[in-house]
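As they're listed, the protein sequences go chains H and G. Under the numbering used here, the first residue of the first sequence is numbered 141, with each subsequent residue one higher. Under the numbering used here, the first residue of the second sequence is numbered -14, with each subsequent residue one higher. Ideal Cβ placement from N, Cα and C applies to all residues, glycine included. Remember, it's a predicted structure, so these values are computed and weren't measured experimentally. First up is the structure itself, then whatever we jot down about it.
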Amino acid sequence: MRPLDWIVLAVTLASIVLYGLYKGRGSKTVSQYLLAGKTMPWYAMGLSIMATQASAITFISTTGQSYVDGMRFVQFYFGLPVAMVILSATAVPIFHRANVYTAYEYLEKRFDPKTRALASAVFLIQRGLAAGLALAAPAIVLSVILGWPDRLTIAMMGALVIGYTVMGGIKAITWTDVQQMLIIFCGLAASLVMAIRLLPRGVSFVDAVYLAGAVGKLNAVDLHLDWNNRYNLWSGLVGGAFLALSYFGCDQSQVQRYLTGKSIAQSKLSLLFNAMAKIPMQFFILFVGAMVFVFYLFERPPVLFDQTALAKPEVAARIAPVERDFTVAFEERREAGWRLIEARRNHDAAARAGTLARYRRAQRALDAARQRGARLVEQTTGQTVNDTNYIFLSFVTRYLPAGLVGLVIAVIFAAAMASISGEINSLATVTIVDIYRRHVHKSASDRHYLLASRLATAFWAIYAVAFANYGKTIGSLIEAVNMLGSLFYGTLLGVFALAFLVPRVRGNGAFYGMLAGEAAILAAFKFTGISFLWYNVIGCLVVVATGLLISVFENRREVVR
Amino acid sequence: MTPAGPDRNHMPDDPPPFLGSWRRVYAAVLAYLAGLILLFWAFTRAFS
């Protein structure tokens, strides 16, 4: 980082905190602090929803994922617009009219206290783990790329977030999310422009797109149905819709966003805005990754972008043969790339077919060398290699000009802060509304609950920082906790589906349905190889089926009596 | 400690600012999704 980068980073972060403090002033009641007094317009809620969902690690790794695996990850979001339409038609008016602070508060109105308590506990466990890791994950990557101490990065992010979140509540969070999304868009656009501008003379944008597509990096749609394939059109549409229904319909970190709307219509518009903007945004991020891939067709990339893994003496001593094979494959691929451009421009079909085969062979050889390098690191050090997370930031810090590096690092901070602030705010809300006010202190003054909400927010922020410091020592836990999220969402979705769609089901059906759904998901996780996207479908269906069965028995028993 | 705002139990579901009804807005969003998928499919076919 050069002086200009530090200036850009400092100014951007300072502006986020100051803007948050400014917009959050005047939150003097619990309603203002937790729901912004229900005054928010649709565009602010919509951008806040997108900012909360896009964590820093998603942003960092999505570009890397495209570099390695192509653009097929975009299909993961195909179910999102379907979910947004369903939620706009069902959850939004129901939650608004129920006049609740949390989604789980509604479950008590609809079912009973034990169902609300179980759903709240599931949320606190799952989101509590995720909040710590949302801080830890970008800190680990930044520490490797920039050499910053990860404790310092975690503490810095935590301190910045605590400042405006504790003081300003959700109003501050929503408006800073808007600002953070604008910074993210600027950073992404600048990265794409630079990736294209850094291509060698003689390689046009169309050539770049052609070269990326020729080795499957632009595989945005895969029509083949495969239960074990995480990203295809069908898993994206069905599994993705269920995941989005769970996340946006049952996760308080998202529900709270659209509960701040000044009307039902404004809340609906915020979700529908997300439905229309999210897929193009993800496509754009993945396309940046594809262009970074093309840049590295002409500039030799390292065998592994995580340089700390290669720097270990025991790895360095054995990496030479891998480096040699990698260099040979790279030279061959670069040569084939140039010839392919030439053949395409000359409309020479025969030369094009031959060169294309050569280009793809070289890409396979390069991938094989990379995999050998990763295996070598894993066998020598015993650590899992997750190189995808380091690709984009490595490109940024090595090749982008002064000022832009600072902007992209600010984007990583902004994305991390946006998701963490939303998470700790929702954790505090559930703690106070569903636990403290419901079970500990039932009838205190508004001022008392406001202070308790501020203290709970500070508690969850400090907890996130502490957990992040612990979580960073066990890198593979990040993947485990991502998986953990999907282990719970299906159950939550099932209980809300019962609440909204099946009036005959009552408390026992919902509660035991949740337990059965959770058991089914854990069984699928433990005993099958089914992709995690389908867990939400399985859990939801089992909850609904069990709830219905129990309600049938209950109704029969009442008739007999 | 209840959320502020008008009487939420009788909160009206205002019409959307465009297209006349929410059903039409939902249909437009789903049509947009279908269009995007078609576009991405054509993109995949054209460059892979």
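query, result
"Same chain, Cβ closer than 6 angstroms to H:Trp315, five either side skipped, listed in chain order", "Lys163"
"Bridge partner(s) assigned by DSSP for H:Trp180", "In the sequence as presented, Trp is not what sits at residue 180 of chain H; that position holds Met. Paired residue(s): H:Gly401."
"Whole-number beta carbon distance between H:Cys680 and H:Phe382, since they are thought to touch under 8 angstroms", "6 angstroms"
"Proximal residues to H:Ala514 (C-beta, below 6 angstroms), its chain only, five neighbours per side dropped", "Val525"
"With 16 other Cβ atoms within 10 Å as the buried cut-off, status of H:Glu658", "buried"
"Three-state class that DSSP yields for H:Thr521 in the structure shown", "helix"
"H:Arg185 in three-state terms, based on DSSP", "Checking the sequence, you will find Met at residue 185 of chain H rather than Arg. It is helical."
"Contacts around H:Gln394, its chain only, beta-carbon distance under 7 angstroms, and the 5 residues preceding and following it disregarded", "Ile189, Thr192, Tyr387, Phe388"
"contact_flag[the segment 283 to 293 of chain H, the segment 528 to 545 of chain H] where n(CB pairs < 8 angstroms) is 3 or more", "yes"
"Assigned secondary structure, H:Ser616 (DSSP; H/G/I helix, E/B strand, else coil)", "Any reading at H:Ser616 must be qualified, since the residue scores a pLDDT of 47, below 50, and its modelled position is unreliable; the value itself is stated next. If DSSP states are grouped into helix, strand and coil, H:Ser616 belongs with coil."
"Chain H within 8 angstroms of G:Leu21, Cβ atoms only", "yes"
"Contact with chain H by G:Ser41, beta-carbon distance below 8 angstroms", "Limits of chain G in this structure are -14 at one end and 33 at the other, which puts residue 41 of chain G out of reach."
"Beta-carbon gap between H:Leu275 and H:Ala556 smaller than 8 angstroms", "yes"
"CB-CB length for H:Ala491 against H:Arg473, believed under 8 angstroms", "The Cβ separation is near 17 angstroms, so there is no contact."
"Residues of the segment 174 to 190 of chain H with Cβ closer than 7 angstroms to any Cβ of chain G, in chain order", "Leu175, Gly177, Lys178"
"Contiguous alpha helix (DSSP H) assignments of at least 4 residues, all confined to the segment 246 to 287 of chain H", "253 to 286"
"Rounded separation between G:Pro1 and G:Trp7 - CA only", "6 angstroms"
"Alpha-carbon to alpha-carbon, H:Leu627 and H:Leu516", "32 angstroms"
"Cβ pair H:Lys582, H:Gly401 closer than 8 angstroms", "no"
"Whole-angstrom C-beta distance between H:Ala243 and H:Gln392, which should lie under 8 angstroms", "6 angstroms"
"Same chain only: Cβ atoms within 6 angstroms of H:Gly615, ignoring 5 sequence neighbours per side", "At H:Gly615, the pLDDT of 47 sits below 50, so the modelled position is not reliable and the matter cannot be decided from this model."
"Straight-line Cα distance separating H:Thr686 from H:Arg697", "17 angstroms"
"Range covered by the alpha helix (DSSP H) that runs through H:Leu544", "544 to 570"
"Simplified DSSP state of H:Met239, which is helix, strand or coil", "Reading the sequence as shown, one finds Asn at residue 239 of chain H and not Met. Reduced to three states, the DSSP call for H:Asn239 is coil."
"Secondary structure of H:Asn414, DSSP reduced to three states", "helix"
"Validate contact between the segment 665 to 677 of chain H and the segment 359 to 378 of chain H using beta carbons, cut 8 angstroms, 3 pairs", "yes"
"Inter-stretch contact at 8 angstroms, needing at least 3 Cβ pairs: the segment 207 to 222 of chain H / the segment 538 to 552 of chain H", "no"
"Contact set for H:Leu426: own chain, Cβ-Cβ below 7 angstroms, skip 5 residues either direction", "Thr202, Ser206, Met211, Phe213, Val214"
"Where the alpha helix (DSSP H) through H:Phe199 begins and ends", "196 to 209"
"Closer than 9 angstroms at the beta carbon, the chain G residues around H:Gly353", "Phe28, Thr29, Ala31, Phe32, Ser33"
"CB contact below 8 angstroms: G:Leu18 versus chain H", "yes"
"Nearest neighbour of H:Arg498, chosen from H:Leu144, H:Val682, H:Trp478 [CA to CA]", "H:Trp478"
"Rounded straight-line distance, which links the Cα of H:Phe263 to that of H:Asn565", "13 angstroms"
"Close Cβ partners of H:Leu689 (< 6 angstroms) along its chain, the five nearest in sequence each way excluded", "none"
"Candidates H:Ala598, H:Val677, H:Ala663: closest to H:Gly308 by CA position", "H:Ala598"
"Nearest neighbour of H:Val605, chosen from H:Ala223, H:Cys390, H:Ile678, H:Gly268 [CA to CA]", "H:Gly268"
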